[in-house]
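Numbering (the working numbering), first residue to last: 30 to 621.
Here you go:
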């Protein structure tokens, strides 16, 4: 019995020892692994990612300079829980640099203030032409200049008429046989009436029995002579015009209405207008008529306003400026946004809608349908909802960041993979090279212009080398151009200039980065197309050179698609064909 108990105790102790050992091995090691994994995760979570505020595709594990623009890298904020994966995030620093401003979209009345330019003109209904009822020679002119006022019945001129003298002599002869042939006498009198002689004048001629050689031309209406068409001694025919006479007691004010504004202007609309030569005075009136036909040359229609001309203040040909407060419907409200918020590609219009989350601010592209244009704003027919917040300034910078980050953008609505550096594939043309380049004129400092000078110097060397068919010199010039590009201080470009140079230099770098490794001059010439496009945009944007730069074009380059380049000389030296077609091309633009 004692042996059994001793054996049982030994077995129990051994079992407990083995159990404790196995428990330590299993659970103790597991805890250590968990601790290690937890610590590893914590270390991974604490690792900071650095990015560029203007090039969000850049990701680095340590601080430094952006390899594209040279700006200081900033810590990347966590994007976990981002509202939309297609939205482009913008840090506060990037938004400040790009001068981004936003506004909340709300409904309002779709009213438009339309500014019209016009002239005072004589009322066409009050214009008359004074003609002569008598053929002959003008012996006397009583009205000798334009602008003179004449009254109805006033003598304007005296005319000697051989035909009228003969007709009077016939009347005298008919008078002698009046008793026997009264019909002949009456016919002679009617002949004189054909020249608009009154019965009183004819009776005086018969009574005096003397031939009148000069007959007066009397004014038919009162008004101002606006055109004098004869001179003393002229021979005139019956019915020929002598003067144009205008009654200026009422005038027309004719305003030019462009096609885009015609839907806003209607008959009866009130117009407030001023006259340049009458400062300080404002006139009012209503549109009484709108031309049904547009002038094919000026592309405008005339809107007419009738005005009473007291004191003859309004004179024909005076320039006027009017304003119409056009309204579509007082009960109709629409979403309106500033023009600066809309980016138009020619086929579609887009805006950038701001989104807020715990991780920060982001913008997503939204296509919209534009309604009528309201001066400095547009009506939005579709695409936005009241209360949404959109960017109204700095939209180009947001779009550039979206393009570089591979998010949907104005020129690439589907989005795509962002290119951050070298091209490791076999394709020599990257998406970055073919990206559209903006050339909006922007003012930059003299230091910024000086920083661009080496780039243009090396570009022109590259152009000359290609025109001379010098492959080695072209490679060397291209490499020098790439090196000069990397030395430009991005911090010299402020506000809009920063965004523009960022885009232009990015495309330029993409085209130049492998140029020294290309195998023949044909490959360099293919690259030279996108290089030139970026250089043209840079020249047009910043005007970095004091002398004139000529934009030249070859219609046969790029497989007959045509291509441009810059030159300091008007003489054509074609870099795309060299000596084989050196003079092929033309000057299309001068940048001064």
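Where is the CB? At the ideal position from N, CA and C, for every residue including glycine.
Length of the line joining the Cα atoms of residue 161 and residue 204: Roughly 28 Å between the two C-alpha positions.
- prompt: How big is the Cα-Cα spacing for residue 353 and residue 145?
  reply: 8 Å
- request: Report the residue from 270, 290, 186 whose alpha carbon sits nearest the alpha carbon of residue 11.
  value: A query on residue 11 cannot be resolved here, the shown segment of the chain reaching from 30 to 621 and no further.
field: Residue from 241, 118, 250 whose Cα sits closest to the Cα of residue 154
entry: 250
- prompt: Per DSSP, residue 399 is paired with what?
  reply: 409
- prompt: Within this structure, are the beta carbons of residue 190 and residue 164 separated by less than 8 Å?
  reply: Going by C-beta atoms, residue 190 is nearer than 8 Å to residue 164.
- prompt: Whose CA, out of 565, 589, 315, lies closest to the CA of residue 597?
  reply: 565
Which listed residue (209, 490, 227, 201) has its alpha carbon closest to that of residue 217: Looking from the CA of residue 217, the closest CA among 209, 490, 227, 201 belongs to 201.
message: Is residue 528 near the ligand SAM - that is, is its Cβ less than 7 Å away from at least one heavy atom of it?
response: This structure lacks the ligand SAM; in fact it carries no ligand of any kind.
Buried versus exposed, by CB contacts within 10 Å (16 or more), residue 77: By the neighbour-count rule (16 or more Cβ atoms within 10 Å), residue 77 is not buried but exposed.
field: Best match in 118, 235, 559 for proximity to residue 196 [C-alpha to C-alpha]
entry: That would be 235, whose Cα lies nearest to the Cα of residue 196.
query: Which runs of the beta strand (DSSP E) spanning at least 3 residues fall entirely within the segment 190-229, listed in chain order?
result: none
field: Own chain, CB closer than 7 Å to residue 522, minus 5 neighbours either side, in chain order
entry: 473, 477, 530
message: Assuming the contact rule is C-beta atoms closer than 8 Å, residue 283 and residue 148 should be a hit. Round their C-beta distance to whole Å, please.
response: 6 Å
- prompt: Buried or exposed: where does residue 488 fall if 16 or more other Cβ atoms within 10 Å of its Cβ makes it buried?
  reply: Of the residues assessed, residue 488 falls on the buried side of the cut-off, its CB having 16 or more other CB atoms within 10 angstroms.
- request: Measure the C-alpha to C-alpha separation of residue 433 and residue 593 and round it to an integer number of angstroms.
  value: Residue 433 and residue 593 have their C-alpha atoms some 25 Å from each other.
- prompt: Whose C-alpha, out of 567, 339, 513, 256, is nearest the C-alpha of residue 175?
  reply: 256
query: What's the gap between the Cα of residue 619 and the Cα of residue 570?
result: 13 Å
For residue 475, the first and last residue of its enclosing alpha helix (DSSP H): 475-496
query: What do you get for residue 549, buried or exposed, if any count of 16 or more other CB atoms within 10 angstroms of its CB means buried?
result: exposed
query: Would you call the segment 126-137 and the segment 406-424 touching, i.e. three or more CB-CB distances under 8 Å?
result: yes
message: Going by C-alpha to C-alpha distance, which of 247, 399, 405, 517 sits closest to residue 169?
response: 247
field: Ranges of the alpha helix (DSSP H) found wholly within the segment 545-572, counting only runs of at least 4
entry: 550-571
- prompt: In this structure, does DSSP put residue 174 in helix, strand or coil?
  reply: Correct three-state label for residue 174: coil.
query: Touch check for the segment 537-546 and the segment 571-587: three-plus C-beta pairs under 8 Å?
result: no
CB of residue 318 within 8 Å of CB of residue 371, strictly: no
query: When we look at the beta-carbon of residue 602 and count the other beta-carbons within 10 Å, is it buried (16 or more) or exposed?
result: buried
- prompt: Do the segment 301-318 and the segment 335-354 touch if we need at least three Cβ pairs shorter than 8 Å?
  reply: yes
message: Between which two residues does the beta strand (DSSP E) holding residue 418 run?
response: 418-422
message: If the criterion is Cβ atoms closer than 8 Å, does the pair residue 271 and residue 186 meet it?
response: yes
message: I'd like the list of long-range same chain contacts for residue 347, defined as Cβ closer than 6 Å, with 5 residues on each side in sequence excluded.
response: Sequence-distant partners of residue 347 (beyond 5 residues in either direction) whose C-beta falls short of 6 Å from its own C-beta, in its chain, are 149, 304, 306.
message: Could you give the first and the last residue of the continuous alpha helix (DSSP H) run that contains residue 502?
response: 500-515
message: Taking 6 Å as the limit between beta carbons, can you name the residues of its chain near residue 356, skipping five residues before and five after?
response: These residues qualify, in order along the chain: 140.
field: Those residues which DSSP pairs with residue 93 across a bridge
entry: Partner(s): none; residue 93 has no beta bridge.
task: Compare the C-alpha of residue 398 against each of 366, 385, 404, 242 and name the closest.
output: For residue 398, the nearest C-alpha among the options comes from 366.
- prompt: Is it right to say residue 332 is buried, meaning 16 or more other beta carbons lie within 10 angstroms of its own, or is it exposed?
  reply: Counting every other CB atom within 10 Å of its CB across the protein chains shown gives residue 332 a total of 16 or more, marking it as buried.
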